[in-house]
Amino acid sequence: MADSSNGTVAAALFDLDGVIVDTEGFYSRFWDRIGKEQFGYTDFGSSIKGQTLENIFSTYFSCRTDLQEAIVADLDVLERDMPYEYVPGVVDFIAELKKAGVPRAVVTSSNRKKMANVYVRHPEFRDMFDIIFTGEDFSRSKPAPDCYLLGMDTFGAGPESTLIFEDSFSGLKAARDSGGFVVGLATTNSRDAIAPLSDIVIDDFTKTSLSRLSGMLSGKHSTR
Numbered sequence: 004m005a006d007s008s009n010g011t012v013a014a015a016l017f018d019l020d021g022v023i024v025d026t027e028g029f030y031s032r033f034w035d036r037i038g039k040e041q042f043g044y045t046d047f048g049s050s051i052k053g054q055t056l057e058n059i060f061s062t063y064f065s066c067r068t069d070l071q072e073a074i075v076a077d078l079d080v081l082e083r084d085m086p087y088e089y090v091p092g093v094v095d096f097i098a099e100l101k102k103a104g105v106p107r108a109v110v111t112s113s114n115r116k117k118m119a120n121v122y123v124r125h126p127e128f129r130d131m132f133d134i135i136f137t138g139e140d141f142s143r144s145k146p147a148p149d150c151y152l153l154g155m156d157t158f159g160a161g162p163e164s165t166l167i168f169e170d171s172f173s174g175l176k177a178a179r180d181s182g183g184f185v186v187g188l189a190t191t192n193s194r195d196a197i198a199p200l201s202d203i204v205i206d207d208f209t210k211t212s213l214s215r216l217s218g219m220l221s222g223k224h225s226t227r
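Encoded structure:
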């Protein structure tokens, strides 16, 4: 069983896009264009955020192999060229967790090919975390909680001592259903929209500290 020196938090699990790196605007424009072209949807991007590419294909484009190939080719270019800028304050916050001995993992629906682009932009990225889970590591995509349960199991952490950082509706539902303490980031959707799925909502990490979240985590479970 994980035992961090901060006394409360045994694991911290982070989604990638919209949580660690500010990429959601790129993806929203990409998927909104496809949704409009294929279905006449105006907000397709928000409906598929947080899901693996395989899940998106099986749900919306299962009989369109040609379109799948075109999407993959366009995504490869998009993800190669994105700047992957960090969400404000996240690097310092992760450093604080590392100093306190809190195990840290990325839990993303992105694939390993995309992550290779992140590592090119940020050579230090892998050293910030103990493990990086990608969409290849779990069979059921978000909003199923499998990916976060895998993270907890890897660290031997119970949901009552796990912080989960998410931004998309699919990801927030997965985090909530895993039983962890859900920190919702209003980087992709409004604070009001994600509040029902979050234990706390933050705009970014500039005013977030381990001590604050640890206290809230303790308070949540002491009242049960």
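Okay, so the sequence shown: first residue is 4 according to our numbering, each after it adds one.
C-beta: ideal position from N, C-alpha, C; glycine also.
| Reference F136, options R179, R115 and P146, closest by Cα | On the sequence shown, residue 136 is found 133 positions in, with the first residue counted as 1. When each option's Cα is compared against that of F136, the closest is R115.
| query | What's the gap between the Cα of R67 and the Cα of V24? | reply | For the purposes of this step, residue 67 is taken as residue 64 along the sequence shown, with counting starting at 1. For the purposes of this step, residue 24 is taken as residue 21 along the sequence shown, with counting starting at 1. Rounded to whole angstroms, R67 to V24 spans 31 Å at the Cα level.
| query | So, helix, strand or coil for P110, using DSSP? | reply | In the sequence shown, residue 110 corresponds to position 107, counting from 1. Checking the sequence, you will find Val at residue 110 rather than Pro. Residue state, collapsed to three classes: strand.
| query | How many Å lie between D130 and E57 at the Cα? | reply | Translated into positions along the sequence shown, residue 130 becomes position 127. Translated into positions along the sequence shown, residue 57 becomes position 54. When rounded, the distance between both Cα atoms is 28 Å.
| Residues bridged to T165 (per DSSP) | Position 162 of the sequence shown, counted from the start, is the residue given in the question as residue 165. A14.
| said: Spatial neighbours of R194 within its chain, please: C-beta separation below 6 Å, excluding the five flanking residues on both sides. | reply: Residue numbering aside, residue 194 sits at position 191 when the sequence shown is read from its first letter. Result list for R194: V204, in chain order.
| query | Hey, S112 and G53: beta-carbon distance below 8 Å or not? | reply | For the purposes of this step, residue 112 is taken as the residue at position 109 of the sequence shown. For the purposes of this step, residue 53 is taken as the residue at position 50 of the sequence shown. Yes; because the gap between Cβ atoms is below 8 Å, this pair is in contact.
| task | Helix, strand or coil for I37, going by three-state DSSP, please let me know. | result | Residue numbering aside, residue 37 sits at position 34 when the sequence shown is read from its first letter. Three-state result, I37: helix.
| query | Can you give the Cα-Cα distance for D46 and P86, rounded to whole angstroms? | reply | If you number the sequence shown from 1, residue 46 lands on position 43. If you number the sequence shown from 1, residue 86 lands on position 83. One C-alpha to the other measures close to 24 Å.
| task | Examine the Cβ distances between the segment 70-86 and the segment 104-111 and report whether three or more of them are shorter than 8 Å. | result | no
| field | Endpoints, the alpha helix (DSSP H) within which L78 is located | value | For the purposes of this step, residue 78 is taken as the residue at position 75 of the sequence shown. From DSSP, the alpha helix (DSSP H) with L78 extends over T68 to D84.
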